[in-house]
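In my numbering, the protein residues as written are 1313 to 1573.
These notes are about the structure you will find just below.
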Ligand code: COA
């Protein structure tokens, strides 16, 4: 589907979703969000896509946040709540994709940009990236999931430090606190992200989805329930063709070929 602010490219079994509004540092307005939503639907339905990379166009920003002009145009509390729910729905859609999603953070990831990146499964940052939740400086709170996902990722104290000050941190600090999983030179960012996505694309898709789901859902329930989610998934996976393929390939000393069945 032709879109103005979101580009999709494919390479082998991976797709790259690029938020493409570089003159505004890829800020999220209604149209950008609607296009991200449509792109996610397209990628979800495409069985040939086994892993996804999200990134921003240009070398300045991943996403600089919600479009501040759009925020200022919100006329009423119900309209603002609806905007927040729309942003949250976008992050939930990313998180609930059965395919792994990697954020390749190529510059500023601020506000809604960091919230988008936090909904991805794994974050790789360029050494030039700067991350933060600066909403406090606008008189609002993070509204696309930041108050909930940031503490889940980095702990309550660090999340409060970042959200209450609105300060940006650099990529190395983000790595230190566990907000990103890897930092690489900007020039290597897409190669690194593609190599990881291609590696994930060789894994059994149903198993990837089950692991992702058990981790995400398990963290929201107590240990006993989390363990039962794990066992149920284990039971389901043991009846898949890919399980037979994976175990047979090991015993036959060959590389497995997984089909997602
Ligand atoms: N919403 C709307 N426009 C934005 C934006 C945002 N969140 N972030 C950047 N832009 C626009 C700027 O208005 C500017 O557009 P212009 O050239 O038409 O004036 C362009 O992107 C470049 O930004 P600029 O501020 O000139 O670049 P910079 O390198 O000096 O600073 C940032 C970059 C990211 C530090 C700065 O733009 C910024 O603080 N942005 C807002 C971040 C924010 O508060 N995000 C949370 C929103 S909830």
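For glycine and all other residues, C-beta sits at the position ideal for the given N, C-alpha and C.
Asked                                                                                                                    : Found
Euclidean distance between Cα positions of residue 1427 and residue 1362                                                 : 23 Å
7 Å Cβ shell around residue 1567 - same chain, five flanking residues per side excluded                                  : 1561
Within 8 Å, strictly: CB atoms of residue 1423 and residue 1445                                                          : yes
3 or more residues per run - each beta strand (DSSP E) lying fully within the stretch 1396-1458                          : 1413-1417, 1420-1422, 1434-1438 and 1442-1444
Reference residue 1571; option with closest CA among 1564, 1559, 1552 and 1563                                           : 1552
Any non-hydrogen atom of ligand 1 within 7 Å of residue 1368 CB                                                          : no
Short Cβ contact (8 Å threshold) for residue 1450 with residue 1481                                                      : no
Cβ-heavy atom distance, residue 1572 to ligand 1, below 7 Å                                                              : no
Residue 1521 vs residue 1542 beta-carbon contact at 8 Å                                                                  : no
Opening and closing residue of the beta strand (DSSP E) in which residue 1322 lies                                       : 1318-1323
Three-state secondary structure (DSSP) of residue 1340                                                                   : strand
Residue environment, residue 1507, which counts as buried when at least 16 other CB atoms sit within 10 Å                : exposed
Counterpart residues of residue 1365 in DSSP-defined beta bridges                                                        : 1328 and 1414
Simplified DSSP state of residue 1565, which is helix, strand or coil                                                    : coil
Burial state of residue 1347 (16 or more Cβ within 10 Å)                                                                 : buried
Residue 1451 Cβ short of 7 Å to ligand 1 heavy atom set                                                                  : no
CA nearest to the CA of residue 1416, picked from 1461, 1489 and 1365                                                    : 1365
Inter-residue Cα distance where the pair is residue 1517 and residue 1510                                                : 12 Å
Assigned exposure category for residue 1412 - 16 Cβ within 10 Å defines buried                                           : buried
Residue 1429 Cβ short of 7 Å to ligand 1 heavy atom set                                                                  : no
Residue 1333 versus residue 1418 - alpha carbon distance                                                                 : 14 Å
Residue 1481 in three-state terms, based on DSSP                                                                         : strand
Near ligand 2: residue 1379 beta-carbon under 7 Å from a heavy atom                                                      : Of the ligands one can find in the structure shown, namely ligand 1, none is ligand 2.
Assigned secondary structure, residue 1374 (DSSP; H/G/I helix, E/B strand, else coil)                                    : strand
For residue 1548, the first and last residue of its enclosing alpha helix (DSSP H)                                       : 1535-1549
Proximity test, residue 1391 beta-carbon vs ligand 1 heavy atom, cut-off 7 Å                                             : no
Close-in-space but distant-in-sequence residues of the same chain around residue 1317 (CB under 7 Å, 5 per side omitted) : 1331, 1332, 1333, 1343, 1344 and 1347
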